[in-house]
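Chains as they are written, first to last, in the numbering used here: chain A, 4 to 362; chain B, 4 to 362. Glycine included, every Cβ here is placed at the ideal spot set by N, Cα and C. Fair warning: this is a prediction, and the values are worked out from it, not measured in the lab. What follows is a short report on a single structure.
There are 2 protein chains.
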Amino acid sequence: MENVLTGTNKKPLRVLFMSNIGVKELAEIAGVSTASVSRALSNPNRVSKRMRKKVLLAAEQVGYQPNRLAASLRTSRSGNIVAIIPDISDTFNSGVIQSLERAAAERGYSVLFGDTQGIRERELVYGNMVNSKQADGIIVFSHRLPFEDELLASDDFVLPPMVNSCEYAHSAFRDTSLLPLVTIDNVKAGREATEHLLELGHKDIAVITGDIESPSARQRLEGYKEALSQAGIPFRSELIQAGDYTLEAGVTSTKKILLAKKRPSAIFCMCDESALGCIATLREHGFDVPRDISVLGFDDIRFAKYLSPSLTTIAQPVEEIGRRCAEILLDMIDGKEIEEPQTILPHKLMVRDSTSAIW
Amino acid sequence: MENVLTGTNKKPLRVLFMSNIGVKELAEIAGVSTASVSRALSNPNRVSKRMRKKVLLAAEQVGYQPNRLAASLRTSRSGNIVAIIPDISDTFNSGVIQSLERAAAERGYSVLFGDTQGIRERELVYGNMVNSKQADGIIVFSHRLPFEDELLASDDFVLPPMVNSCEYAHSAFRDTSLLPLVTIDNVKAGREATEHLLELGHKDIAVITGDIESPSARQRLEGYKEALSQAGIPFRSELIQAGDYTLEAGVTSTKKILLAKKRPSAIFCMCDESALGCIATLREHGFDVPRDISVLGFDDIRFAKYLSPSLTTIAQPVEEIGRRCAEILLDMIDGKEIEEPQTILPHKLMVRDSTSAIW
DNA sequence: CCACCAATGGTAAACGATTACCATTATGTC
DNA sequence: GACATAATGGTAATCGTTTACCATTGGTGG
Numbered sequence: 004m005e006n007v008l009t010g011t012n013k014k015p016l017r018v019l020f021m022s023n024i025g026v027k028e029l030a031e032i033a034g035v036s037t038a039s040v041s042r043a044l045s046n047p048n049r050v051s052k053r054m055r056k057k058v059l060l061a062a063e064q065v066g067y068q069p070n071r072l073a074a075s076l077r078t079s080r081s082g083n084i085v086a087i088i089p090d091i092s093d094t095f096n097s098g099v100i101q102s103l104e105r106a107a108a109e110r111g112y113s114v115l116f117g118d119t120q121g122i123r124e125r126e127l128v129y130g131n132m133v134n135s136k137q138a139d140g141i142i143v144f145s146h147r148l149p150f151e152d153e154l155l156a157s158d159d160f161v162l163p164p165m166v167n168s169c170e171y172a173h174s175a176f177r178d179t180s181l182l183p184l185v186t187i188d189n190v191k192a193g194r195e196a197t198e199h200l201l202e203l204g205h206k207d208i209a210v211i212t213g214d215i216e217s218p219s220a221r222q223r224l225e226g227y228k229e230a231l232s233q234a235g236i237p238f239r240s241e242l243i244q245a246g247d248y249t250l251e252a253g254v255t256s257t258k259k260i261l262l263a264k265k266r267p268s269a270i271f272c273m274c275d276e277s278a279l280g281c282i283a284t285l286r287e288h289g290f291d292v293p294r295d296i297s298v299l300g301f302d303d304i305r306f307a308k309y310l311s312p313s314l315t316t317i318a319q320p321v322e323e324i325g326r327r328c329a330e331i332l333l334d335m336i337d338g339k340e341i342e343e344p345q346t347i348l349p350h351k352l353m354v355r356d357s358t359s360a361i362w
Numbered sequence: 004m005e006n007v008l009t010g011t012n013k014k015p016l017r018v019l020f021m022s023n024i025g026v027k028e029l030a031e032i033a034g035v036s037t038a039s040v041s042r043a044l045s046n047p048n049r050v051s052k053r054m055r056k057k058v059l060l061a062a063e064q065v066g067y068q069p070n071r072l073a074a075s076l077r078t079s080r081s082g083n084i085v086a087i088i089p090d091i092s093d094t095f096n097s098g099v100i101q102s103l104e105r106a107a108a109e110r111g112y113s114v115l116f117g118d119t120q121g122i123r124e125r126e127l128v129y130g131n132m133v134n135s136k137q138a139d140g141i142i143v144f145s146h147r148l149p150f151e152d153e154l155l156a157s158d159d160f161v162l163p164p165m166v167n168s169c170e171y172a173h174s175a176f177r178d179t180s181l182l183p184l185v186t187i188d189n190v191k192a193g194r195e196a197t198e199h200l201l202e203l204g205h206k207d208i209a210v211i212t213g214d215i216e217s218p219s220a221r222q223r224l225e226g227y228k229e230a231l232s233q234a235g236i237p238f239r240s241e242l243i244q245a246g247d248y249t250l251e252a253g254v255t256s257t258k259k260i261l262l263a264k265k266r267p268s269a270i271f272c273m274c275d276e277s278a279l280g281c282i283a284t285l286r287e288h289g290f291d292v293p294r295d296i297s298v299l300g301f302d303d304i305r306f307a308k309y310l311s312p313s314l315t316t317i318a319q320p321v322e323e324i325g326r327r328c329a330e331i332l333l334d335m336i337d338g339k340e341i342e343e344p345q346t347i348l349p350h351k352l353m354v355r356d357s358t359s360a361i362w
């Protein structure tokens with residue numbers, strides 16, 4: 004084959020793209036060994052400047068594209084992480100996902116997204132991607148570990164690099180107390196949300212929770228109780244509606260709330276989508292928000308402030324959550340010691356128009 | 004090593020999970036060859052029932068996990084597709100993504116998501132994943148092909164399996180007229196949206212467009228013009244505001260519209276997020292929708308009907324778009340002939356509360 | 001000028017599957 | 001029972017990288 008560099012052939016070199024050229028062919032073209040090609044490309048300071056230039060030039064000329072699969076196989080690093088998410092289209096999640104993806108990309112990793120719809124089987128499929136070497140780590144958005152109980156129970160099974168986003172995963176078979184996670188202080192946030200409503204004079208405050216299996220929802224409810232008790236108001240369980248962090252739950256829960264004998268004057272929704280469904284349902288039943296009933300959301304999703312009425316809500320630092328998750332996970336993958344596994348980020352009460360004083 | 008099946012060792016077999024067991028070790032354990040192991044697992048009817056059972060049992064016992072990277076390298080099938088998306092968190096996109104991911108998963112493919120923010124360089128990065136064998140095909144959500152012009156201009160470069168979602172990709176260097184795509188009839192949709200407003204008596208209809216570089220936005224505008232001309236109403240370019248399919252564009256464009264001498268009585272937004280920004284801005288400036296100004300959206304995103312006022316909009320079949328994209332792409336990857344590259348799905352005008360008659 | 005060491009680059013063995021090719025065994029036909 | 005044919009399963013090559021190990025080269029100090 005004609006040597007690119009010696010250039011004994013004076014015709015302008017034909018630029019070949021995407022030809023099936025591997026390190027072997029490239030090495031031949033550049034007149035060096037495959038080892039040098041590989042080193043020049045992925046370990047540049049292991050070779051001399053001359054060699055580097057020679058290889059890079061040849062690679063450029065022929066449009067060489069290294070086969071990442073082969074590299075991954077050899078190095079046992081796939082360069083992927085997998086995000087296991089109950090619902091990709093959920094607005095809060097998709098915000099986190101976005102920054103997650105960006106932060107991963109900055110460090111050369113791609114993100115595989117698994118939308119599970121909360122289905123255990125699908126969680127397992129995605130969890131298994133790291134066992135089958137398709138991914139190097141996992142970001143879990145739910146409160147369940149994506150592995151078979153049988154596996155979790157086995158001493159031989161060591162958890163792969165994994166970070167919890169906004170949730171506390173737990174398992175009967177495994178101690179998860181040291182699992183890294185990035186979240187806000189849900190108890191405090193629940194308390195502050197409730198305090199805001201109490202300060203406005205509300206005493207009968209209904210709650211539409213998130214998935215009640217999930218620690219985040221429980222913690223927010225905990226905060227709610229704390230605030231009530233602090234204010235000397237008895238907790239009434241009939242005011243609590245179990246939701247699941249969806250818009251639809253906001254709708255159906257609100258309908259139930261409206262059926263109660265004594266209507267609450269405020270509703271605390273544990274996510275903005277539920278609040279949206281809640282407000283729409285209230286309006287449909289002839290109630291004005293906030294005049295008749297105040298509604299408070301959670302998350303501060305992208306368009307919470309554009310809704311009508313604009314939504315009073317607890318803002319979560321979406322962008323930072325995603326970024327931190329990625330950073331911690333990639334550090335784990337790189338074998339770095341994680342000094343602070345539990346990252347608690349600040350939240351913020353955003354007071355807008357969906358809540359108002361009761362008098 | 005002890006043979007699982009002969010079971011001469013009567014102690015209960017220790018179940019080993021995730022040990023570093025490959026086909027080689029598994030073959031030894033099962034007492035067969037690596038070829039048989041591979042066949043039993045991924046080509047079951049190439050082996051006898053006895054053999055299959057023997058291998059599957061052993062695999063189960065030791066928790067064997069095939070290394071998908073190695074398999075991919077050998078078969079040159081990564082089992083991934085990559086979706087190149089300007090904005091993952093956009094509500095319309097995330098809906099498509101969700102069904103896309105599900106349909107792909109059903110056929111054993113995973114989806115890598117690339118959020119590009121419209122940045123050319125990032126598009127190229129993701130487009131390149133198929134060259135580097137990390138993905139077998141591409142779903143493109145934008146109107147640009149994710150490859151260097153240099154590549155596109157080269158005859159040697161054949162486009163990988165690729166499907167356009169809701170857009171018409173084009174390139175100065177490549178004929179894209181046969182590129183498979185899944186979309187609605189944007190011209191017709193634009194026309195119908197405008198006709199709806201005309202029927203309500205509106206004559207001054209402003210438009211907040213999508214990215215004006217994109218064929219979808221141009222086509223919708225085309226439909227708008229057709230409807231106007233049909234109704235004998237002259238087209239006035241000052242009513243057109245160039246947006247980019249975002250909420251923020253809805254806000255800023257609406258502000259500009261409100262500055263005009265002659266205020267329109269209706270605004271046609273080319274996506275629901277823009278409509279949301281539009282309505283919020285109108286409200287902020289003291290205008291009631293639809294009493295003062297009607298607003299019509301596009302997409303029928305998940306919560307369009309829960310907004311206040313609920314949004315009149317053109318519904319796109321989100322779920323089907325995603326599913327079809329995945330199906331067509333996977334068929335292409337499987338080497339099937341695509342008989343109908345251009346899939347035009349039906350849209351539907353959803354009349355709700357954000358538009359009303361002018362008198 | 002020699003011994004020594006660092007820098008450089010080559011050879012060949014991995015990584016862990018799949019599969020072409022072949023040898024063996026089972027099945028069926030006459 | 002002999003033979004053709006189908007079914008089965010083994011051996012070893014292969015996919016395209018990276019890298020351990022080694023050989024060579026060049027530079028430095030004595």
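Asked: CB contact below 9 Å: ASN46(B) versus chain A; Found: no
Asked: The region 22-30 of chain A touching the region 40-48 of chain A, judged by at least three CB pairs closer than 8 Å; Found: yes
Asked: Whole-number beta carbon distance between LEU250(B) and PHE306(A), since they are thought to touch under 8 Å; Found: 6 Å
Asked: Own chain residues within Cβ distance below 7 Å of TYR67(A), not counting five before or after; Found: ILE24, LEU29
Asked: Distance, THR315(B) Cα to VAL292(B) Cα; Found: 11 Å
Asked: Residue closest to ILE230(B), alpha-carbon to alpha-carbon, out of HIS205(B), GLN244(B), ASN134(B), ILE215(B); Found: Before going on, a small fix: residue 230(B) reads as Ala here, not Ile. Closest option to ALA230(B), Cα to Cα, is HIS205(B).
Asked: Below-9 Å beta-carbon distance, PRO149(B) vs any chain A residue; Found: no
Asked: Cross-chain neighbours of TYR112(A) in chain B, by beta carbon under 8 Å; Found: By Cβ distance, chain B contributes nothing, its closest Cβ being about 11 Å from TYR112(A), past 8 Å.
Asked: Residue nearest to SER313(A) in terms of C-alpha spacing, selected from MET335(A), ILE282(A), LEU332(A); Found: ILE282(A)
Asked: Short Cβ contact (9 Å threshold) for THR179(A) with LEU203(A); Found: no
Asked: Within-9 Å CB hit, ASP207(B) to chain A; Found: no
Asked: Test item: CB-CB of ALA263(A) and ILE211(A) under 9 Å; Found: no
Asked: Extent of the continuous alpha helix (DSSP H) to which CYS328(A) belongs; Found: 321-336
Asked: Residue from GLU322(B), PHE271(B), ASN48(B), GLY235(B) whose Cα sits closest to the Cα of ILE243(B); Found: PHE271(B)
Asked: For MET165(B), the three-state DSSP class (helix, strand or coil); Found: strand
Asked: Cβ neighbours of ALA245(A) in the same chain (closer than 6 Å, five flanking residues each side left out); Found: THR212, ILE215
Asked: Any chain B beta carbon closer than 9 Å to LYS258(A); Found: no
Asked: THR37(A): CB within 8 Å of a non-hydrogen atom of the ligand FMN; Found: With respect to the ligand FMN, the structure shown offers nothing to examine, as it has no ligands at all.
Asked: Backbone secondary structure at CYS281(B) - three-state DSSP; Found: helix
Asked: Beta carbon proximity, ASN131(B) to chain A, threshold 9 Å; Found: yes
Asked: Proximal chain B residues relative to SER92(A), where beta-carbon distance stays under 8 Å; Found: THR94, SER97, GLY98, ILE100, GLN101, ARG305
Asked: Per-residue burial, GLY93(A) [other beta carbons within 10 Å of its own, 16 or more giving buried]; Found: In the sequence as displayed, the identity of residue 93(A) is Asp instead of Gly. Buried, because 16 or more other Cβ atoms sit within 10 Å of the Cβ of ASP93(A).
Asked: ASP93(A), enclosing alpha helix (DSSP H) - first and last residue; Found: Careful: ASP93(A) lies outside any alpha helix (DSSP H) and carries neither H nor E.
Asked: Sub-9 Å separation of VAL85(B) and VAL321(B) beta-carbons; Found: no
Asked: C-beta neighbour in chain A for TYR248(B), strict 9 Å; Found: no
Asked: Cβ neighbours of ASP303(A) in the same chain (closer than 6 Å, five flanking residues each side left out); Found: THR316, ALA318, MET353
Asked: ILE142(B) at chain A interface by Cβ criterion, 9 Å; Found: no
Asked: Where ASP188(A) sits in the DSSP three-state scheme; Found: coil
Asked: Cβ pair PHE144(A), SER113(A) closer than 9 Å; Found: no
Asked: Delimiting residues of the beta strand (DSSP E) encompassing LYS351(B); Found: 351-353
Asked: Short CB-CB distance (under 9 Å) between ASP295(B) and chain A; Found: no
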